[in-house]
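Asks:
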Amino acid sequence: MKDVVRIVIAMLVWLALFSALYGLEGVGCAAGWQHIQVTGATLFQAAMTLAFFVALLILAAVLVGLRSPLFRSASPFIAHISIILAVAALVAGAWTLFPALALSHCA
Amino acid sequence: MNALARHRALSRIWSSQPGWRGVISTVNHSDIGRMFLLVATLFFLIGGVLAMLIRTQLATPHSAFVAPAIYDQIFTMHGTVMMFLFAIPLFEGAAVYLLPKLLGTRDLAYPRLSAYGFWCYVFGGLMLVFALLAGLAPDSGWFMYPPLSSSAHSPGVNTDFWLIGVTFVEVSAIAAAVEICVSILKFRAPGMSLDLMPIFAWYALVTALMILMGFPPLILGSILLELERAFGFPFFESALGGSPLLWQHLFWLFGHPEVYIIFLPAAGVISTVLPVMARTTLLGYRWVVAAAVALAFLSFGLWVHHMFATGIPHMGLAFFSAASTLVAVPTGIQIFAWLGTLWKGRPRLTLPMLYIIGFFFTFVIGGLTGVMVAIVPFDWQAHDTAFITAHLHYVLFGGFVFPMLAGLYYWLPQLTGRKRFFRIGEMAFWLIFLGFNGAFVAMHWAGLLGQRRRIAWYPEDAGWTAINLFSSISSFVMAIGVAMVVFDIALHALLAIRGSRNPWGAGTLEWAMPTPPAAYNFASIPIVGDREPLARDPALANKIARGEYFLGEPRGELRETLTVDAASGIPEALVIFPGNSTLPIALAAATGAAFLGALIRVYWVIPLALLFVVGLSLRWGWSQHAANCPGFQNVGRATLLPQAIETDRSPGWWGSVFLLVADTVLFGSLFFGYAFLWTVGPNWPPPQWLSLSVLELALGLIGAAAAAIGLHVAARAASRGASLWRGLLIALAGAAMTIAALAMTLTRAGQLTDYAYGATVFVMIAYALIHAAIAAIMICSLAYRTLRGGASCPRKSNVNIVRLWTDYAAFVAATSLVATQFSSYLT
Amino acid sequence: MDPAGPAAARIATLWWTMLAGSAAIFALVMLLLLIAYRRTPAPHQSEHRQERFWLYGLGLAFPLVTLAALLIYGLVLGETLVPKSRDNVVRVRAEARQWSWSFGYADAAGLRTQGVLHIPAGGPVDVEITSLDVVHSFWAPRLAGKLDAIPGQVNVLRIEAAEPGEYHGVGAEFSGPGYSGDAFTVIAHDAAGWAAFLGRATE
Chain V
15 MKDVVRIVIA MLVWLALFSA LYGLEGVGCA AGWQHIQVTG ATLFQAAMTL
65 AFFVALLILA AVLVGLRSPL FRSASPFIAH ISIILAVAAL VAGAWTLFPA
115 LALSHCA
Chain Z
3 MNALARHRAL SRIWSSQPGW RGVISTVNHS DIGRMFLLVA TLFFLIGGVL
53 AMLIRTQLAT PHSAFVAPAI YDQIFTMHGT VMMFLFAIPL FEGAAVYLLP
103 KLLGTRDLAY PRLSAYGFWC YVFGGLMLVF ALLAGLAPDS GWFMYPPLSS
153 SAHSPGVNTD FWLIGVTFVE VSAIAAAVEI CVSILKFRAP GMSLDLMPIF
203 AWYALVTALM ILMGFPPLIL GSILLELERA FGFPFFESAL GGSPLLWQHL
253 FWLFGHPEVY IIFLPAAGVI STVLPVMART TLLGYRWVVA AAVALAFLSF
303 GLWVHHMFAT GIPHMGLAFF SAASTLVAVP TGIQIFAWLG TLWKGRPRLT
353 LPMLYIIGFF FTFVIGGLTG VMVAIVPFDW QAHDTAFITA HLHYVLFGGF
403 VFPMLAGLYY WLPQLTGRKR FFRIGEMAFW LIFLGFNGAF VAMHWAGLLG
453 QRRRIAWYPE DAGWTAINLF SSISSFVMAI GVAMVVFDIA LHALLAIRGS
503 RNPWGAGTLE WAMPTPPAAY NFASIPIVGD REPLARDPAL ANKIARGEYF
553 LGEPRGELRE TLTVDAASGI PEALVIFPGN STLPIALAAA TGAAFLGALI
603 RVYWVIPLAL LFVVGLSLRW GWSQHAANCP GFQNVGRATL LPQAIETDRS
653 PGWWGSVFLL VADTVLFGSL FFGYAFLWTV GPNWPPPQWL SLSVLELALG
703 LIGAAAAAIG LHVAARAASR GASLWRGLLI ALAGAAMTIA ALAMTLTRAG
753 QLTDYAYGAT VFVMIAYALI HAAIAAIMIC SLAYRTLRGG ASCPRKSNVN
803 IVRLWTDYAA FVAATSLVAT QFSSYLT
Chain S
2 MDPAGPAAAR IATLWWTMLA GSAAIFALVM LLLLIAYRRT PAPHQSEHRQ
52 ERFWLYGLGL AFPLVTLAAL LIYGLVLGET LVPKSRDNVV RVRAEARQWS
102 WSFGYADAAG LRTQGVLHIP AGGPVDVEIT SLDVVHSFWA PRLAGKLDAI
152 PGQVNVLRIE AAEPGEYHGV GAEFSGPGYS GDAFTVIAHD AAGWAAFLGR
202 ATE
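Protein chains in written order, with the working numbering: chain V, 15 to 121; chain Z, 3 to 829; chain S, 2 to 204.
(1) Quick one: Cα of Z/I704 to Cα of Z/L661, how far?
(2) Going by beta-carbon coordinates alone, are Z/M445 and Z/S473 separated by less than 8 Å?
(3) Let me know if Z/Y605 comes out buried or exposed under the rule of 16 or more other beta-carbons within 10 Å of its beta-carbon.
(4) For S/N89, which residues does DSSP report across the bridge?
(5) Can a CB atom of chain S be found closer than 8 Å to the CB of Z/F362?
(6) Short of 6 Å in beta carbon distance, which residues of its chain neighbour S/T114, apart from the five on each side in sequence? Order them along the chain.
(7) Given this structure, state the Cα-to-Cα distance separating Z/P688 from Z/T747, to the nearest angstrom.
(8) Please identify the residue among Z/S185, Z/A177, Z/W466 and Z/G483 whose C-alpha is closest to the C-alpha of Z/V403.
(9) Assess contact between the stretch 485–502 of chain Z and the stretch 532–547 of chain Z, defined as three or more Cβ pairs (one per stretch) separated by less than 8 Å. Is contact present?
(10) Can you check whether the CB of S/V187 is closer than 8 Å to the CB of S/A141?
(11) Please name the residue, chosen from Z/I34, Z/G106, Z/G35 and Z/P70, that lies closest to Z/L542 on a Cα-to-Cα basis.
(12) Check whether the Cβ atoms of S/F139 and S/L133 sit closer than 8 Å, and answer yes or no.
(13) Terminal residues of the continuous alpha helix (DSSP H) containing Z/Q415?
(14) Tell me whether the beta-carbon of Z/A569 lies closer than 8 Å to the beta-carbon of Z/S195.
(15) Tell me, to the nearest whole angstrom, how far the beta carbon of Z/S32 is from that of Z/P519; I am working on the premise that it is less than 8 Å.
(16) Have a look at Z/E550 and Z/S526 and give me their C-alpha separation to the nearest angstrom.
(17) Should Z/A392 and Z/G452 be called a contact, given that it needs their Cβ atoms to be closer than 8 Å?
(18) Which residue from Z/I434, Z/T364 and Z/G419 puts its Cα closest to that of Z/G400?
(19) How many whole angstroms separate the CB atoms of Z/G313 and S/N156, which I take to be in contact at a CB cut-off of 8 Å?
(20) For the beta strand (DSSP E) containing S/A109, list its first residue and its last residue.
(21) Taking S/E164 and Z/G286 to be in contact with their CB atoms under 8 Å, please state how far apart those CB atoms are, rounded to whole angstroms.
(22) Tell me which same chain residues have a C-beta within less than 6 Å of the C-beta of Z/G409, skipping the five on either side of it?
(23) So what's Z/A458 in DSSP terms, helix, strand or just coil?
(24) Does chain Z have any CB closer than 8 Å to the CB of V/P83?
(25) Nearest by alpha-carbon distance to Z/Q823: which of Z/E698, Z/L726, Z/S783 and Z/A719 is it?
(26) Using the Cβ count rule (16 or more neighbours within 10 Å means buried), how would you classify S/I73?
(27) Less than 8 Å between the C-beta atoms of V/L117 and S/E80, yes or no?
(28) Compare the Cα-Cα distances from V/V27 to each of V/A102, V/A44 and V/C120 and report the closest residue.
(29) Counting only Cβ pairs nearer than 7 Å, list the residues of chain S close to Z/P354.
(30) Kindly indicate which residue of Z/A311, Z/A139 and Z/F170 has the alpha-carbon position closest to the one of S/G238.
(31) Is the Cβ-Cβ distance between Z/A320 and V/P113 less than 8 Å?
(32) Beta-carbon of S/L71 versus every beta-carbon of chain V: anything under 8 Å?
(33) For Z/R231, count neighbouring Cβ atoms within 10 angstroms of its own Cβ and tell me buried if that reaches 16, exposed if not.
(34) Quick one: which chain S residues come within Cβ less than 8 Å of Z/N685?
(35) Just to confirm, are Z/A339 and S/L61 a CB contact at a threshold of 8 Å?
(36) Interface residues of chain V around Z/L229 at Cβ under 7 Å?
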């Protein structure tokens, strides 16, 4: 069972973060954060940028965790697959969430 | 005991009863699998006839073939039948039939559950067929968008047939998914660690997990929409605080993963068949497994790409556009792994391979047009045109039907033990291939010229007449090809001569048995040390038949197999399966009666039917176990193993875990709906919030904690061999408190038809209440057994199962109470 | 695919670009499939080298690079098509019902037209789209992409017709038995015609 968790954990975390950022965008627009100024940027921009980097940090932590002897699987096969998927989740995080940095807000 | 005597003894133990009694009482996976495949094929033919009607209608401009009202039913049912009654059940049938044979075991984890799932599917399918024949079929499109599907705009019973029939069929899919997960993880041949599993098992495991995560949102959506239609709870009514977009989110949260739920098993078939046809092994096994897992998860991040035109902010769309392009990467890895496998080996051009080449041709085109519509601006133009219809058929027909036909011809000798001798199959392939591409290439073009989906007629001056006629003629060519396949299989079953045991020279275990396979699959359960055990040891089949491995000596009348450690494949326990039983069909009928009561709105039927469901379920659970536990037993090869129900984590525990995964997703979707209406729903806030009641909150939280603690105490007592009573009484008191608190909150949810907020609160609390009641019934049942049997045998595993459900009920009760009671402070 | 406005034109360019790229990729895959049957396999190639070529190269690197380029192209284009608040934009309102379209004009209060949307040519127009009953979708294919009309919600679509003329429009989300015939017309006026149209309202 633990090995199954090792395989699915990274992509599951990606899915959770992806949904969370999409949700944050909805909440931010509904609450009018794009009109609130915070030191040179809107609150919306600040929140999305921060969330983006926190998300990548979490995904990187999962990758480091799966590589560390503490959580690494005893089976080389599972270890290999879980690390491939952790890298994939990190790439997916950067790939799918980068619009948080660049795109127009709430339009 | 020689091989023949062993075969006779095992056949007597495992076979189903003769004649019709056998059909309704069989629980054997080979029987159920074949029945699934047969019924799914019948639905494919029904869906195909509907498709031909659509193409007849569209062949000429201003067609008067059928009126729009009938045409709407036809295209809605075409989509519904193909998705829910053909594609998913065909996968279930293939998995049910093949998995134990691939994994080297004698049956699936819960033989009776397979039968229950099958009958639920048949009964749900019959509801929809009846609707079709009676002219009452659903007519709002297979996606059922409200408000078009709500009672104001679809007053008839048509939509109810969809919501209730499809949900019933989905119950069967969830049952099959739980079954598949546990079977793959626990029911394998000794020595088959995860990295030695046949690749199809990996795909089936991933697909089953996706069903568990993907279907609950639609089940929830269907329940909410039916509540709105039947009782006026305004979940999707924007004037009353609901949102039509909530349905679209829930629907596509299911709908997009659905595409990959259909594609992945087909990819599993290709990954199995293609290397055999190339006389080599799959290139990059690890990468293919990783790609399948990545694809599964990425596909859950795509749902909004069906909603690019609904006015969601561009940044939101961009997330999903990015995810939709990224999903092409794991798909690409698989495509190139297959091409690399062909380069590595020496490919043959057999009939299964012909279909796989057909797959490459069509699926790659479907994938490329898929990337096109992932790009937001292009989708704004192409959305809801015939271009999309063409794209999705390239993906689904190319990505599912072609591989499944390859699989059909590949495993046909295994299924029947016969040889094909006509070349009808090759002719049929070319008709299907050319007809399909003609029909749908044309449709891309019509879509780009502006032809919308789902239109019943178009004017002469639109300029699409020739294209549509060509498309219709091609589709009939394809239909002739499909009919020829059916004809070919029928001839094969009736006339063909017996073939050799392993005609393709494959290396997996399903070929290491006599064909057609015996009811028990393996005379003894082999030890596996290789991904292709039969290729490594060609004498394996004979050794199995001679009983050289585990469980080679039948004992009494017991249906026995082994479970293994999920990761390493080390044998763990002995399983004794239940025998033939009519309990599954009875339970399916009772479940169906509850659904039917909701459909015809005779509501007193529902509690009555549910009473039967609970009663039969308890009987089901109790009949599982023998009165005494014999302890460790000899399973052959000088190995002693305990019975699975005597271990801490029995198969029932594993099944509960996966069922609760689906249940958690359902609850999560409900929570999402609550938050969605709160933040995005128009006409919010509601006129009245649920006020905070400290009494309800405290009672509920303390009760939930007590129930969880009680089971914890009971579980510890069980492992020490002490009395369970103290823990069970605490748990029972806790459950009663929780039920009381939830019931009090429920009565205060307000006027449910007035506003979506109150209705949502009601559903959340009701959901928690149902789970508290389930936990209470389980605790009572455990107490009753303790009372009757004292220290009856499978005590520990039963306590662990009840503990899982109680912990979940406690979690749900606490979460929904906190989420609703504090509403007025959260605004 | 006969664009008559900037939005539709840029989407058409996107389509031709993607079609060319897709055709090339399709040809590559078919070629690799054909060669698999024509060649004699090299006898002693290591599995690892093959994995590197097929999986790391063709499976991973190739799609990542292509898709990244396409995605950025699509998003940049999408940004330019999103209506941002800008002056000199004519605002009109479209209300869908089963099965007709009714249009209102911000520049002429009280004026309503049934089944015909009047706009000025040569400039951006924001259409505020909503529905009175079920979900519909506003689509004038030669002018822009489509946007849904959802009850209880107003969506804004930017359209622009380069030249005066009549353009065909349809409801593009299945909406029940009358769906096939659910259509409207967009008439783009030159400056004088537009003024005359608005003038008619104030009479």
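No residue lacks a Cβ here, since even glycine has one placed at the ideal position from N, Cα and C.
Replies: Let me lay it out:
(1) 26 Å
(2) The Cβ atoms of Z/M445 and Z/S473 lie closer than 8 Å to each other.
(3) Taking all protein chains shown into account, Z/Y605 has fewer than 16 neighbouring C-beta atoms within 10 Å of its C-beta and is therefore exposed.
(4) Paired residues: none, contrary to the question.
(5) yes
(6) F104
(7) 18 Å
(8) Closest by alpha carbon: Z/G483.
(9) no
(10) Cβ distance < 8 Å, so S/A141 and S/V187 count as in contact.
(11) Z/G106
(12) no
(13) The question names Gln, but residue 415 of chain Z in the sequence shown is Pro. That run of the alpha helix (DSSP H) goes F404 to T418.
(14) Yes. Within cutoff.
(15) 6 Å
(16) 7 Å
(17) Not closer than 8 Å, so no.
(18) Z/T364
(19) 3 Å
(20) For S/A109, the enclosing beta strand (DSSP E) starts and ends at A109 to Q115.
(21) In fact, because the Cβ distance is near 55 Å, the residues do not count as touching under 8 Å.
(22) Answer for Z/G409: V271, listed in chain order.
(23) Assigned with DSSP and collapsed to three states, Z/A458 falls in coil, not helix or strand.
(24) no
(25) Z/E698
(26) exposed
(27) One thing to note: V/L117 has its Cβ within 8 Å of the Cβ of S/E80.
(28) V/A102
(29) What Z/P354 touches in chain S: nothing, since even the nearest Cβ is about 15 Å away.
(30) A question about residue 238 of chain S goes unanswered here, because the residues of chain S that appear run from 2 up to 204.
(31) yes
(32) Output row for S/L71: interface = no.
(33) Taking all protein chains in view, the Cβ of Z/R231 is crowded by 16 or more other Cβ atoms within 10 Å, so the residue is classified as buried.
(34) G153
(35) no
(36) Residues of chain V passing the Cβ test: none, with the nearest at roughly 25 Å.
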